[in-house]
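> Dumping the structure here so I can ask a few things about it.
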Amino acid sequence: MFSPVDPQFLTDVIQGPALHIPDGFLSVTISVLFWFISVGLIVLATRKTRGELGERQIPLMGIMAAFIFAGQMINFPVAGGTSGHFLGGALAAMVLGPWAGMLVMTAVI
């Protein structure tokens, strides 16, 4: 059983595992395919948000990205030997809208 004040628990939370999936788990074909899909969706998100963003929303996107980045640095162990963290994409989409939220998460990742 663990306790939030247990030094080993705190060490595991701060350090956490290096990756969610191991190196070599995804084939090159899948990696390249989804890289192109991602680039296409980022271009689409940029076009969708171009006319929607006001003068006050652009700095909010930067602040949101910094907050989400900091929040996702805190990992906690979950079953299967992996880790979980704050889901910033949902927060960004709720506050900024889905397309602007996608751009924020692209910057965070």
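Following our numbering from start to finish, the sequence shown increments by one per residue and tops out at 178. Just so you know, even glycine gets a beta-carbon here, dropped at the ideal spot from N, CA and C.
My output table needs one value for Ser96: the three-state DSSP class, helix, strand or coil.
The answer is coil: DSSP assigns Ser96 none of H, G, I, E or B.
> By how many angstroms is the C-alpha of Gly157 removed from the C-alpha of Ile178?
Each residue's alpha carbon lies about 11 angstroms from the other.
> Tell me which residue opens and which closes the beta strand (DSSP E) that Pro146 is part of.
Here the beta strand (DSSP E) through Pro146 covers 144-146.
> Residues in the same chain with beta-carbon distance under 6 angstroms from Ala179, minus the five sequence neighbours each way, listed in chain order, please.
Any question about residue 179 goes unanswered here, given that the chain covers just 70 to 178.
> With a cut-off of 8 angstroms, do at least 3 Cβ pairs link the stretch 160-171 to the stretch 120-134?
Yes: at least three Cβ pairs fall under 8 angstroms.
> Is it buried or exposed, Leu172, if we count other Cβ atoms within 10 angstroms and call 16 or more buried?
So Leu172 counts as buried.
> In chain order, what are the residue ranges of uninterrupted alpha helix (DSSP H) at least 4 long that sit wholly in the stretch 126-173?
Complete alpha helix (DSSP H) runs here, min 4: 126-140, 157-165.
> Quick one: is Met142 buried, meaning 16 or more other Cβ sit within 10 Å of its Cβ, or exposed?
It counts as exposed.
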